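This report concerns only the one structure given below.
Numbering (the working numbering), first residue to last: 48 to 519.
Now the structure itself:
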């Protein structure tokens, strides 16, 4: 694949940590507005050269950054209804203020292959031992009015602070349904194996039929599908499992079908971009009924990203320093049985990049933060590709710098390599973490969110760039 150079053109700066960048057409307008949501709960619009506040839900969002400033909760999802221009409906996913709990357990977790009691932990006493509650809500922008909450679709209790998804709400152009990408619930190594358990909401990609009339104003706070009321179950289908932490889902029209792209954040070794076309949606009512009847669902039906037995292309291992040589480390197969069980059923990544990679044209990554299809003509070498971002390449004694890269679907659908995209922007001595990636409605423009710190509590260090062609 070609080497590609791009420029980063600042659009807005000195904002809080951006988590979502999209565009939409407001009711009564005829051009797209850029929308930027911040982790703390602000939603900005940029339209006709004016920057303003579309919505501010900071009071409804859980206070972030209490433990040293780093946090993965907050305003994590925003999606505009395909008919937003006419009906004013949009959807939010955020961590709810006042729901802070003690977490499922406090100590850091690492499985020990020699101690089977560490391999299959159970999340017990869930109503008390949890970290916070996430909500998915429907809002409306009334004519000549302020945005207001209309109904709650889901209230989900989460075991830990992290792995709640980001850019977690998007509408499918195939089905017209709202797609929610949930993480595995957090900690390390998915200690309760929630991602592979079909009854657990965590670790799944879920479609929500927002057109169904399931008006339950205050649905119960739940962790499993069978805890939902039947009217809510009937609105939900599972389209994938085995997810660790997904950075949204992006759709690209290809040969009269849609390719779905999803980036799965890795554990210790590798970051992965997945792609798939065909999938079998499994109604949640079917999942619950199978549990009641004590029958097994056909595991081959469900698209499976492989976690926790697999970390992308690699079996999940637990690195440990090698006492004989500090430069080396040993890797233990903690979930060997699960790796075997899911090996033939799992989806292979389209591309992967590693936390350590000595090749001169590659980089050592940290965490995948965004995946977007690009269908524009302004950067011709990227047309038809999928672009992704890493938080910050591993490099010693230098300010943090994020990475842009891209890959393409091959005709034979086999895994493909990736190429780093060169950028022109000089961040000077300031850190530049690439925290999110966005696009406009027809995927002809790309937007990059950059932050000067890893800590959401460090305010107003954010800049949103448009990715534009190299040159004058």
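For glycine and all other residues, C-beta sits at the position ideal for the given N, C-alpha and C. It should be emphasised that the depicted structure is a prediction, and the values quoted were computed from it without experimental measurement.
Counting along the chain, residue 388 sits inside the alpha helix (DSSP H) bounded by residues 383-390. Counting other Cβ atoms within 10 Å of its Cβ, residue 237 reaches 16 or more and is therefore classed as buried. DSSP, reduced to helix, strand and coil, places residue 375 outside both helices and strands of the structure shown, so it counts as coil. Secondary structure note for residue 81: its beta strand (DSSP E) is the uninterrupted segment 80-85.
Separation of the CB atoms of residue 228 and residue 202 is rounded to 17 Å, and the pair is thereby denied contact status at 8 Å.
Contact annotation: residue 376 and residue 335 have beta-carbon atoms that are not nearer than 8 Å. When C-alpha distances from residue 426 are compared across 462, 493, 418 and 371, the shortest belongs to 493. Between the beta-carbon of residue 462 and that of residue 395 there is about 6 Å, and that keeps the pair under the 8 Å contact cut. With fewer than three CB-CB distances shorter than 8 Å, the stretch 323-333 does not count as touching the stretch 351-367. Minimum Cα-Cα distance from residue 101 among the listed residues 90, 110, 109 and 108 corresponds to 90. Restricting attention to 298, 162, 294 and 213, the CA atom closest to the CA of residue 223 is found in 298. Beta-bridge annotation (DSSP): residue 322 is paired with 308. With 16 or more other Cβ atoms from the protein chains shown falling within 10 Å of its own Cβ, residue 439 counts as buried. Pairwise C-beta distances place the stretch 166-181 in contact with the stretch 196-215, as three or more of them are shorter than 8 Å. Here DSSP, grouped into helix, strand and coil, assigns residue 165 to helix.
Per DSSP, reduced to three states, the secondary structure at residue 71 is strand.
Contact between the stretch 494-509 and the stretch 102-118 is present: three or more C-beta pairs spanning the two stretches fall below 8 Å.
Counting every other CB atom within 10 Å of its CB across the protein chains shown gives residue 398 a total of 16 or more, marking it as buried. Of all C-beta pairs linking the stretch 478-497 to the stretch 429-443, three or more are shorter than 8 Å, placing the two stretches in contact. The shortest C-alpha to C-alpha distance from residue 77 to any of 67, 133, 53 and 110 is the one to 133. Secondary structure remark: continuous beta strand (DSSP E) runs of at least 3 residues inside the stretch 385-452, in chain order: 398-401, 415-421 and 432-437. Under the DSSP assignment, residue 279 falls in the alpha helix (DSSP H) whose first and last residues are 277-280.
In the structure shown, the three-state DSSP call for residue 340 is helix. In this structure residue 107 does not touch residue 83 by the C-beta definition: roughly 18 Å separates them, more than the 8 Å allowed. Taken through DSSP and simplified to helix, strand or coil, residue 133 comes out as helix. The beta-carbon distance between residue 141 and residue 104, rounded to whole angstroms, is 7 Å. This is short enough to meet the 8 Å contact definition. Contact annotation: residue 450 and residue 410 have beta-carbon atoms nearer than 8 Å.
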